[in-house]
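See below for the structure under consideration.
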Amino acid sequence: MLKLPIYMDNNSTTRTDPRVVEAMLPYFTEHYGNAASRNHPFGWAAEKAVDDARDQIAKLIGATGKEVIFTSGATESTNLALKGVAAMYKKKGNHIVTQVTEHKATLDTAKRLERDGVQVTYLPVDKFGRVSADQVRDALTDKTILVSIMMANNEIGTVLPVADIGKVCKEKGVLFHTDAVQAVGKLPIDVQAMGIDLLSLSGHKMYGPKGIGGLYVRKKDPRVRLEPIIDGGGHERGMRSGTLPVPLIVGLGKAAELCRAEMADEIKRTYALRERLRSRIMDNLPESYLNGHPTERLPGNANISFAYVEGEGLMMGIKDVAVSSGSACTSASLEPSYVLRALGVGDELAHSSIRFGLGRFNTEAEVDFVSDLVVREVTRLREMSPLYEMAQAGIDLKSIQWAGH
Amino acid sequence: MPYSDQILEHYNNPRNVGSFDAKGENVGTGLVGAPECGDVMRLQILVNPTTGVIEDAKFKTFGCGSAIASSSLATEWLKGKTLDQAMDIKNTEIVEELALPPVKVHCSVLAEDAIKAAVKNFQEKQGASQPAEAAVAG
């Protein structure tokens with residue numbers, strides 16, 4: 437028997453794996469020392485746990501433990517990467533290259549830096565949400581100090597050609613940061629092979645706890661230096677002060693270890709579930725469109741627009757299923773998803789989009805239930821939609837003078 | 059944000075979904091909103107030309123649950139009303155009846171606009187046909 441509601445919003449956050457919680461628990465009540473306490477066993481136990489977690493995370497991305505810095509989450513990691521580089525390398529240059537479908541943590545940080553005199557280039561994306569290494573190369577100037585391009589997009593699941601971009605950055609001697617929040621633990625990552633100098637990751641997107649994230653900061657070839665944004669006791673090589681939240685760090689480490697051990701199987705499994713969901717929905721609903729890249733995408737992500745049906749309206753119809761929509765109605769602003777707009781998806785189809793995020797704990801039975809429900813509800817709402825009726829009657833919706841409000 | 063029971067009731071069991079022939083002499087059609095804004099409402103009234111009373115009403119809506127519920131409620135309220143009474147329906151009454159949250163008030167505004175547009179469309183049709191009748195009579 438299925439348990440409702442069903443969680444299919446794993447690009448938003450993930451359930452903490454029970455094995456992660458189990459690993460964390462002793463660090464609340466037994467090994468509760470401060471990892472910075474160098475003179476007693478409580479501190480040593482905490483420090484050891486933190487170092488082990490650093491190694492677990494480093495192994496997942498091809499780094500060394502000393503290169504991992506703990507933060508409150510990927511938003512802080514990305515703020516530190518961009519602001520830290522801009523401040524530390526300001527004598528070298530004042531130009532940053534990024535792209536338009538980045539997460540707001542990157543875009544809003546870039547905007548703030550612009551107010552402080554940094555020049556930012558926002559590269560456009562193609563219809564699948566990708567930028568090319570050539571686009572990056574063409575945008576570089578002798579003032580460029582940093583390129584920040586995400587590894588995979590949170591809304592549409594498109595995977596960007598990070599290794600190619602890293603190669604260009606290496607050739608030109610420009611630092612390369614990637615927001616890899618959606619990719620860490622879901623796709624193989626090697627910061628060496630991919631030419632990555634800085635990488636943001638988040639615990640709660642990879643079955644770890646909320647409130648903990650990490651920033652990989654390259655130590656060699658080149659040694660990356662960052663101006664801190666939080667000053668204090670000089671923790672984390674002076675780049676991020678503040679007492680380390682040992683239980684959360686242990687959780688993130690365990691989450692990384694599990695992702696690494698199970699990645700090959702998990703990719704196959706979530707991909708199979710995603711394809712089952714996608715085909716069962718799209719084969720049964722004409723005029724449904726997959727947003728993002730057809731193949732270069734996260735294994736668990738399906739972002740689908742259903743013409744003539746509004747996304748939030750559909751979400752009410754499938755209220756026992758937790759998903760997201762690019763509809764304006766689900767956000768604080770009145771604009772539909774800026775990511776879908778950047779792809780050239782019309783506003784009407786952006787309003788009609790639903791993001792399904794499959795993950796470790798989803799089952800085939802859930803996929804079957806959800807796909808049947810979506811097909812039924814879209815069909816019902818289309819019968820209720822004036823746009824569907826007009827389109828069926830052969831009226832070109834673009835020819836109508838709409839009275840917008 | 060959880061939805062009110064009234065919104066869910068109208069969303070799950072919408073009243074008067076459908077269409078009248080927009081060309082019909084006694085039909086008034088109001089089409090408001092825009093696809094790129096995420097809501098389009100089409101509200102239609104069938105008016106008794108002698109009494110001026112709305113005998114039937116139908117809607118189709120592209121939009122969120124609150125937009126669907128607002129238009130469904132509007133069709134219920136329109137039946138049996140005169141055109142003047144219909145023009146008096148205020149969006150705030152819809153907000154109150156459905157317990158719409160502030161972020162959804164625009165759905166009720168759209169429903170009020172749709173009612174007014176439908177009435178106006180019917181009146182324009184009548185206005186256009188009257189001189190023709192007069193000409194025949196003359």
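Just so you know, the protein sequences line up as chains Y and W, in that order.
Each number in my numbering comes from the position in the first sequence (counting from 1) with 436 added on.
Each number in my numbering comes from the position in the second sequence (counting from 1) with 58 added on.
Think of the CB as a built atom: it goes at the ideal place given N, C-alpha and C, for glycine as much as any other residue.
This one's a predicted model, so the numbers in the text were calculated from it and none came from an experiment.
Interface residues of chain Y facing residue i [CB-CB closer than 9 Å]
i: W/E94; result: P772, G782, D783, E784, A786, H787, W838 and G840
i: W/V75; result: E819 and M820
i: W/P159; result: The premise fails here: W/P159 is roughly 11 Å from chain Y at the closest Cβ pair, so nothing lies under 9 Å.
i: W/P72; result: M820
Neighbourhood of residue i by C-beta distance below 7 Å, restricted to the same chain and skipping five residues each side
i: Y/Y558; result: T534, Q535 and V536
i: Y/V810; result: I717 and I754
i: Y/G668; result: S677 and G678
i: Y/Y438; result: First, the amino acid is wrong: residue 438 of chain Y is Leu here, not Tyr. For Y/L438, where only same-chain residues beyond five positions count, the Cβ hits under 7 Å are A801, E802 and F805.
i: Y/M444; result: V757, A758, V759, F792, G793, L794, N798 and V806
i: Y/T545; result: T514, N515, L518 and K519
Residue-level contact to chain Y via CB, residue i, 9 Å cutoff
i: W/G185; result: no
i: W/L141; result: no
i: W/F180; result: no
i: W/A125; result: yes
i: W/L66; result: yes
i: W/V98; result: yes
i: W/D63; result: no
i: W/D146; result: no
i: W/D220; result: Since the displayed chain W opens at 59 and closes at 196, residue 220 of chain W lies outside it and no answer follows.
i: W/D114; result: no
Contacts around residue i, its chain only, beta-carbon distance under 6 Å, and the 5 residues preceding and following it disregarded
i: Y/G509; result: S638 and G649
i: Y/K603; result: G631
i: W/E170; result: N149
i: W/S62; result: A157
i: Y/K606; result: G631
i: Y/G593; result: G728, R733, L734 and N737
i: Y/E538; result: M586
Range of the contiguous alpha helix (DSSP H) that encloses residue i
i: Y/K842; result: In the structure as shown, chain Y starts at 437 and stops at 841, and residue 842 of chain Y therefore has no counterpart that could be examined.
i: Y/Y463; result: P462 to T465
i: W/I112; result: Here W/I112 belongs to no alpha helix (DSSP H); instead the beta strand (DSSP E) covers I112 to F120.
i: Y/F805; result: E800 to E819
i: Y/A494; result: P477 to I497
i: Y/I505; result: That residue, Y/I505, is in no alpha helix (DSSP H); its beta strand (DSSP E) goes V504 to T507.
i: Y/D430; result: Residue 430 of chain Y cannot be examined here, being either before or after the span of chain Y that is shown, 437 to 841.
Residue interval of the beta strand (DSSP E) (run including residue i)
i: Y/G649; result: G649 to V653
i: Y/Y725; result: S724 to N727
i: Y/D615; result: L611 to D615
i: Y/N737; result: N737 to F742
i: W/G86; result: V85 to A92
i: W/H16; result: A question about residue 16 of chain W goes unanswered here, because the residues of chain W that appear run from 59 up to 196.
i: Y/L635; result: L634 to S638
7 Å Cβ cut-off: residues of chain Y touching residue i
i: W/V121; result: In the sequence under discussion, the amino acid at residue 121 of chain W is Gly, which differs from the Val named in the question. What W/G121 touches in chain Y: E746 and G749.
i: W/K118; result: M820, S821, P822 and E825
8 Å Cβ shell around residue i - same chain, five flanking residues per side excluded
i: W/A92; result: V98
i: Y/T580; result: G529, H531, I532, V533, K608 and V610
i: Y/P730; result: F564
i: W/K174; result: G88 and M145
is_contact[residue i, chain W] using C-beta, thresh 9 Å
i: Y/M675; result: no
i: Y/E591; result: no
i: Y/L833; result: yes
i: Y/G753; result: yes
Euclidean distance between Cα positions of residue i and residue j
i: W/T119; j: W/A172; result: 11 Å
i: Y/I831; j: Y/N446; result: 39 Å
i: W/L89; j: Y/V814; result: 22 Å
i: Y/K484; j: Y/K655; result: 21 Å
i: W/A193; j: W/K183; result: Confidence at W/A193 is low in this model, with a pLDDT of 42, below 50, so the placement of that residue should be treated as unreliable; the coordinate-derived value is given next. Whole-angstrom Cα-Cα distance: 16 Å.
i: Y/A786; j: Y/P477; result: 56 Å
i: Y/P441; j: Y/N798; result: 12 Å
i: Y/M820; j: W/L66; result: 15 Å
i: Y/G780; j: Y/K563; result: 6 Å
i: Y/Y652; j: Y/V486; result: 15 Å
i: Y/S763; j: Y/N739; result: 12 Å
i: Y/V745; j: W/G96; result: 9 Å
i: Y/I666; j: Y/M675; result: 8 Å
Under 7 Å by beta carbon: chain W residues contacting residue i
i: Y/S715; result: Chain W residues near Y/S715: none, gap ~26 Å exceeds 7 Å.
Per-residue contacts from residue i into chain W (C-beta, under 8 Å)
i: Y/S763; result: G96 and C122
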